[in-house]
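Structure record follows, encoded as structure tokens.
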Amino acid sequence: MDAFKAVSVKEYSDEDLMEYFQNDHEPAFTELVRRYQDRLHNFLYRYTHDHQDCEDLVQETFLRVHKSKASYERIAKFSTWMYTIALNLAKSLYKKKQRMYKVSIHKDPNDSEDFEMHIEDPSILPDQQLHEKLSLEQLEKALMSLPEDFREVVMLRDLQDMTYEEISESTGIPMGTVKSRINRGRAQVQHMIESYVDLGTSF
Amino acid sequence: MNFLDKEYHPVIENYIVDYSEDNLELVERDTFEEVLVHDDDLRELAFSAKEGKRLLGMLKEVRAKEGFLDRLNKRIAESGN
Chain Y
3 MDAFKAVSVK EYSDEDLMEY FQNDHEPAFT ELVRRYQDRL HNFLYRYTHD HQDCEDLVQE
63 TFLRVHKSKA SYERIAKFST WMYTIALNLA KSLYKKKQRM YKVSIHKDPN DSEDFEMHIE
123 DPSILPDQQL HEKLSLEQLE KALMSLPEDF REVVMLRDLQ DMTYEEISES TGIPMGTVKS
183 RINRGRAQVQ HMIESYVDLG TSF
Chain E
352 MNFLDKEYHP VIENYIVDYS EDNLELVERD TFEEVLVHDD DLRELAFSAK EGKRLLGMLK
412 EVRAKEGFLD RLNKRIAESG N
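Read top to bottom, the protein sequences are chains Y and E. If you read the first sequence in my numbering, its first letter stands for residue 3, the second for the next number, and so on. If you read the second sequence in my numbering, its first letter stands for residue 352, the second for the next number, and so on.
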């Protein structure tokens with residue numbers, strides 16, 4: 003195998019990158035992460051329906067790839083090997099959650115008669131299309147344009163995942179006011195974004 | 352945006368929160384949407400809040416991805432590989 007060239011990293015096949023990574027070229031691993039991070043997230047979302055779970059599973063998958071690099075053999079496509087790891091992790095998580103909740107609306111991969119229900123709202127654009135139309139800066143600008151009282155509680159809830167009880171306790175604001183401000187803060191963000199770009203949504 | 356200035360009973364505010372976060376049971380959601388049909392300002396607030404929540408979820412997701420590699424490298428280092 004030729005010597006690893008960092009400048010050519012984007013031109014290498016996945017399997018080449020994995021082989022370089024097996025020979026301790028860490029940038030090859032970073033390139034594999036870059037290539038598959040989003041694809042893996044989308045793949046796993048079909049199983050978990052939860053972005054936070056996906057994020058954790060993608061992290062865990064790459065961690066396993068990193069730790070198990072010696073076990074990869076070039077006879078298999080890298081993507082097949084990695085997706086198998088990801089799928090096994092998703093199944094483990096699913097089983098763990100099944101034990102936690104008696105009722106789940108998600109498809110049981112072990113039950114051939116269990117079907118997943120898809121509900122589509124045509125007024126909402128797929129996230130990918132939204133990403134193309136909407137920049138991160140516009141969203142952040144909208145958030146930062148909120149009145150301080152609203153911005154604080156919205157950020158605690160929607161970016162830091164605090165519960166309403168925690169927000170009320172940490173800010174000293176009554177729960178009802180917290181909820182009222184969050185409702186109006188979110189509504190204002192939507193209206194500001196709507197004025198920045200035409201998202202194609204209709205109410 | 353007049354609908355933002357209106358005040359609602361805390362029970363209604365609770366419903367808007369749950370509606371935005373998809374925490375309502377099917378029957379509750381249908382009932383709440385019936386209420387929305389008859390109140391333009393409340394409908395505007397509830398729909399906007401729900402869409403705003405979704406947009407902020409995207410912002411969170413993008414921010415999470417930004418730090419993805421740093422967090423992964425930290426975990427790899429911690430795992431002692």
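Using N, Cα and C, we set each Cβ at its ideal position, and we do this for glycine too. It should be emphasised that the depicted structure is a prediction, and the values quoted were computed from it without experimental measurement.
R41 (chain Y) counts as exposed, since fewer than 16 other beta carbons sit within 10 angstroms of its beta carbon. For A428 (chain E), the nearest beta carbon of chain Y is not closer than 7 angstroms to its own beta carbon. Here the alpha carbons of V9 (chain Y) and V156 (chain Y) stand approximately 43 angstroms from one another.
Using a CB distance cut-off of 7 angstroms, R186 (chain Y) counts as an interface residue toward chain E. Between E364 (chain E) and G178 (chain Y), the beta carbon gap of about 6 angstroms places them in contact (Cβ cut-off 8 angstroms). In the structure shown, E376 (chain E) falls within a coil segment according to DSSP collapsed to helix, strand and coil.
In this structure, DSSP gives E75 (chain Y) a state outside helix and strand, which the three-state scheme calls coil. Taking a beta-carbon distance threshold of 7 angstroms, G403 (chain E) counts as an interface residue toward chain Y.
In chain Y, no part has a C-beta under 7 angstroms from the C-beta of E384 (chain E); the shortest such distance is about 12 angstroms. For S147 (chain Y), same chain residues with a beta-carbon under 7 angstroms away, outside a window of 5 residues either side, are M194 in chain order. Short of 8 angstroms from the beta carbon of S81 (chain Y), and not among the five residues preceding or following it, lie these beta carbons of its own chain, in chain order: D16, Y38.
The three-state secondary structure of F6 (chain Y), taken from DSSP, is coil.
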